Amino acid sequence: MLSDTWKLIAVAICLVLFTADTVLKPQDKPNRMVFFELHRGESPTVIGVMRDDLVKLPGRGAARIHDALARGETLTVWQYELKKTEDGSYQEVPERQIQLGAADAPLVTFGARIRLPND
Numbered sequence: 005m006l007s008d009t010w011k012l013i014a015v016a017i018c019l020v021l022f023t024a025d026t027v028l029k030p031q032d033k034p035n036r037m038v039f040f041e042l043h044r045g046e047s048p049t050v051i052g053v054m055r056d057d058l059v060k061l062p063g064r065g066a067a068r069i070h071d072a073l074a075r076g077e078t079l080t081v082w083q084y085e086l087k088k089t090e091d092g093s094y095q096e097v098p099e100r101q102i103q104l105g106a107a108d109a110p111l112v113t114f115g116a117r118i119r120l121p122n123d
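Residue numbers for the sequence shown follow this note's numbering, beginning at 5 and rising by one.
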């Protein structure tokens with residue numbers, strides 16, 4: 005009888021520890037792309053920075069890019085291009101990596117609007 009009680013207590017302790025580990029452990033956010041617009045030339049270009057790379061920069065929010073560039077840092081970002089898929093829809097895909105410098109600081113804005121071509 006005593007051994008059954010200890011077994012139940014052991015199972016209960018394991019369940020409590022498992023639940024505490026699952027509930028209290030901070031959940032990792034997936035690393036995803038944060039989009040900006042670069043206003044060089046005639047029309048804005050969509051650029052993206054991985055969230056983990058963005059939060060490594062000092063500052064708060066979207067101003068991190070602007071502040072880093074204004075301090076003279078060079079940042080490598082992805083430039084995105086709008087491509088037409090086989091089914092006729094459009095998809096924004098990474099085209100190439102580009103470098104941003106201090107002169108680009110005032111040209112970068114948070115968020116990106118996708119502009120569909122006039123077909």
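Backbone N, C-alpha and C define an ideal beta-carbon position, used for all residues, glycine too.
Computed from a prediction, not measured in an experiment: that's the story for all the values here.
On a CA-only basis, which of the options is nearest residue i? Give me that one, please.
| i | options | result |
| --- | --- | --- |
| E77 | E85, G65 and L104 | L104 |
| R55 | A109, H43, I69 and E46 | I69 |
| Q83 | P34, E41 and R36 | E41 |
| P98 | T49, R64, P34 and F114 | T49 |
| G115 | D108, G65, G92 and R75 | G65 |
| E85 | A74, H43, R100 and R75 | R100 |
Helix, strand or coil for residue i, going by three-state DSSP, please let me know.
| i | result |
| --- | --- |
| L61 | coil |
| R100 | strand |
If you draw a straight line from the alpha carbon of residue i to that of residue j, how long is it in whole angstroms?
| i | j | result |
| --- | --- | --- |
| T138 | I102 | Nothing in the structure corresponds to residue 138, since the chain is present only between 5 and 123. |
| V53 | A72 | 13 Å |
| A106 | V112 | 11 Å |
| V59 | F39 | 14 Å |
| A109 | E46 | 17 Å |
| P62 | R75 | 11 Å |
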